[in-house]
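A short worksheet on the structure shown next.
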Amino acid sequence: MEEILTASQVAELLQMHPRTVYKLVKQGSLPGRKCGGGWRFRRSEIMTMISPHGEGNGSSANGADKQP
Numbered sequence: 270m271e272e273i274l275t276a277s278q279v280a281e282l283l284q285m286h287p288r289t290v291y292k293l294v295k296q297g298s299l300p301g302r303k304c305g306g307g308w309r310f311r312r313s314e315i316m317t318m319i320s321p322h323g324e325g326n327g328s329s330a331n332g333a334d335k336q337p
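For the sequence shown, this note's numbering assigns the number 270 to the initial residue and increments by one for each residue that follows.
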C-alpha cells in the first residue's frame with residue numbers, strides 16, 4: 270500500500286517549514302491532494318520529485334534548478 274504523508278511529514282522530510290510546503294503545493298511545484306481538512310502527499314511522488322535522477326519538473330522543491 271502507498272505511504273501517504275501529511276504536510277508536516279513532508280516538511281520534515283524535505284527539511285523545510287510546513288508553510289513552505291503549502292506554498293509549493295499551491296504553486297503546483299509539489300504534488301499533493303486536498304483531502305478532508307488538509308493536504309496529503311504520496312511519499313513515492315515526493316521522493317521521485319527530489320531524486321536527482323527522478324522524473325521531476327527539473328527543479329528542486331525549493332525552486333533551485335538541478336545541476337547536470
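The beta-carbon is built from N, C-alpha and C at its ideal position, and this holds for glycine as well.
Contact belief for residue i with residue j at Cβ below 8 Å, rounded distance in angstroms
i, j, result
"GLY301", "ARG309", "7 Å"
"VAL294", "ALA280", "With a Cβ gap of about 11 Å, VAL294 and ALA280 do not count as contacting."
Residues sharing a beta bridge with residue i, DSSP
i, result
"LYS303", "TRP308"
"THR275", "ARG309"
Coil, strand or helix - residue i by DSSP
i, result
"GLN284", "coil"
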